[in-house]
Every structure is written in structure tokens, then in C-alpha cells.
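The next block holds one structure in the form of C-alpha cells; read it before the comments.
Numbering (my numbering), first residue to last: 921 to 1303.
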């Protein structure tokens, strides 16, 4: 849908002046994108080409691109960006947004905690996304962007009204009158029924088009689905940690339950936070907190799989990143949302669309990945 920018409302008054720096290189960027896409149009004959239509999230009316963009890193200084945020990283995030939009990837996922002061961040990811959207709508008022954000189930938040209040604060930062998808970021220690009621209220108030959950196990997923269904509201999605090497959603019944109930799986960390891109090796592990998960020892064990991903990609004229994203798309009912910090990363994600791995390659990669053993997840998955 075309975005509705918020001018003023009862909960958020005032507007932020947009910056015009992106307008300077718009024509150059579009010409460069045309050249890049022309080069990409010639795929290997072994690739099964597909027409990538948008995917409807669950039983909702919301349709999104088959790959989205995760904005966790935008403004963050606690997990990403080597603990610092500067103008270069800001420009990188803006380029990631612009490149995604230019190439039809228009589903952007953020959250109220990303980059927030609560999380000791530099600037809210929602604020940045709202700024990027405003700059693009100045060029194209009919801009199509599907915005997803998330409610933080903090211990001091109680009841359905806490969801509405947080959503209105998010809309203020985004400078929007509504969002396409509003999700509960993780299960609360208590008060979850009230949170689900709040999601339903948000739909009925016209503040959101669809609602979802995140990091919900099978039981919590079924309970949320049932409670919303009683109000005639579909549970559109469950956003979980899901990649070729982290398949807990398959092992704990979440993926099967989502397929059964008609709930779309949104896969965060689909590249295993960069471990599956081929960028990192035992000699060059990732920096920051990721280095504690993807250690040189782990990356040594990962090498046989990483090498095979690269070999398979050569058969399709695709990069390892594009192969592992396509592997997730091949699981059906899954929308991967890799994080993009630069325009180059976003451009590479586009190459995951328009083709499919063979069934043989899908199963071969699953078999190889199964030999790795357990991979560290996130504590919120066990709530």
C-alpha cells in the first residue's frame, strides 16, 4: 500500500525535517542498478527460474516481497557496528534502504528496541527508517513500503493498553499513521494474554494491517492464534531465528505448526549473522559479540559446508549468500529478512530471487548442515 505519512495526531505532534542528501545521487544510482540487473539477468542454465510474486503473510491481506530487510543493525552500538555509529554507517544504512526499494524488496522489519536508548544504542532504527521513507516519498509520493515493527514485552508493561501505547510511540518515531505488521518481539514473563488483546485492538483501531508474534514456541503460537481467531483476526506471522545451520523451528514443531495454522515464518538471522556468507573463516572470525558464537573452532567445523555452498552456487552463478537465502525460500511459507548495512549487501540479496535450488541441492545442504551439531540461539526463544 502507499504510505500514509503522519502530519499530526493526538499522540505525536510535530515533524522532522527530511534530509536531501539522497537526491544528489538518485539518477546515478538508478542507472547503476539497471546495469547491474542486466548483468544478473543471465543465469546459469541449471537454475530453475521462477516468477517472484509477493507472498501473503498468513491469513492476512498483507502481501510482502519474498525477501525482506532486517534493520536490527541500524543505529545499534551494542551488538553490531563495532560499538560505534557514525556518518559512514548512516549512509550505508540509507543506501541499503534505497537499493532494496529500487529492486522490489520493500518489506522492512524494525523494532522499538533496535538502536534505542534502552538498548544503549546511538539512534532508534525506527527513527532512521522513518527518515529514509520520508526522503523517498518526497521523490515518489506513491512509494510502496511494507513496514513491520515490534513491541518489547518488558516486565513493567501490563495489559492491552501497554501495546497500544508502545505502538503509538513507534508510529511517532516512524512518522507514519499506521504500520503494516505489528509483532510481539518475545513472550512476556507475564501478561501475554493482555498483549494478544492489544494486538487485536490495534487491528480494530486501524493502526496496523496485520499482527504477528516473534520467538514464540509451538504452544504459545497456538494459544495466540486461537485467541486472535476468536475475534476474527488472523495471526499473520511468527518471526524466529531460522537458517540452514539453525533449524530449531523445524525441530521444536514451530515450523510445522505455522504451516498447519497458516502462519508465515519470518526468518531472522537467515545468514547466521554472516557466518554463511563466506566472509568469515577460522583466521578471520566476526568481530564483537558474534565472535563469541562463531568462534574459530566453530568456523573450522563449518568449512566443509561453506565450501559446498560455494560450489553449488557456482552451478547457478550465485553467491553463497544467495544460495542460503534461496534455501530458506525453498522451505515454503518462509520470508527471510537478512540484515543489510550497505547498498552492496542489499543488492546481493536481490539475487536470491527469481530462481530455485533443485530438490537434490536443498536436501544435500540440509544433510551437510545436520552434521555440524548444535548452534547457539537466543535466550528469548526459551521463554
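For each residue, glycine too, the CB sits at the ideal point set by N, CA and C. Every value quoted in this text rests on a predicted model; they were computed, and no experiment measured them.
Start and end residues, beta strand (DSSP E) containing residue 1065: Neither: residue 1065 is in no beta strand (DSSP E) and is coded neither H nor E.
Drop a sphere of 10 angstroms on the beta-carbon of residue 933, count the other beta-carbons inside from all chains shown, and report buried for 16 or more, exposed for fewer. Residue placement at residue 933 is flagged as unreliable, the pLDDT there being 48, under the threshold of 50; the coordinate-derived value follows with that caveat. Classification of residue 933: exposed, given that the 10 Å Cβ count is below 16.
Candidates 1284, 1252, 1256 and 1048: which alpha carbon is nearest residue 1231's? 1284
DSSP-derived helix/strand/coil call for residue 1085: helix
Under a Cβ-count criterion, where at least 16 other Cβ atoms within 10 Å of its own Cβ denotes burial, should residue 1146 be classed as buried or exposed? exposed
So residue 1122 and residue 1136 are supposed to be a Cβ contact under 8 Å. How far apart are they, rounded? Not really, about 17 Å apart at Cβ, beyond 8 Å.
The segment 1008-1021 in contact with the segment 1085-1102 per 3-pair CB rule at 8 Å: no
Measure the C-alpha to C-alpha separation of residue 1275 and residue 1246 and round it to an integer number of angstroms. 8 Å
Which one of 1046, 1066 and 1174 has the shortest CA to CA distance from residue 983? 1066
Distance between beta carbons of residue 1036 and residue 1069, contact taken as under 8 Å: In fact, because the Cβ distance is near 12 Å, the residues do not count as touching under 8 Å.
Spatial neighbours of residue 1256 in its chain, beta-carbon cut-off 6 Å, leaving aside the 5 residues before and after: 987, 1187, 1190, 1245 and 1248
Give the range of the beta strand (DSSP E) segment to which residue 1060 is assigned. Neither: residue 1060 is in no beta strand (DSSP E) and is coded neither H nor E.
Closest by CA to residue 996, which one among 1288, 1027 and 1260? Closest in alpha carbon position to residue 996, among 1288, 1027 and 1260, is 1260.
Which runs of the alpha helix (DSSP H) fall wholly inside the segment 1091-1163 and span at least 4 residues, in chain order? 1112-1124 and 1138-1149
Quick check: residue 1201 and residue 1240, are their CB atoms within less than 8 Å of each other? no
Following a CB-centred definition, is residue 1026 positioned closer than 7 Å to any heavy atom of the ligand COA? This structure does not include the ligand COA; it has no bound ligands of any sort.
Please determine, among 975, 1210 and 1273, the residue with the shortest C-alpha to C-alpha distance to residue 1237. 1273
Nearest-angstrom Cα distance between residue 1126 and residue 1262? 33 Å
Out of 1021, 1278 and 1267, state which residue places its alpha-carbon closest to the alpha-carbon of residue 1251. For the residues 1021, 1278 and 1267, the minimum Cα distance to residue 1251 belongs to 1278.
Per-residue DSSP class, three states only, for residue 1022: helix
Contact check, residue 1106 vs residue 1073 under 8 Å by CB: the rounded distance? 6 Å
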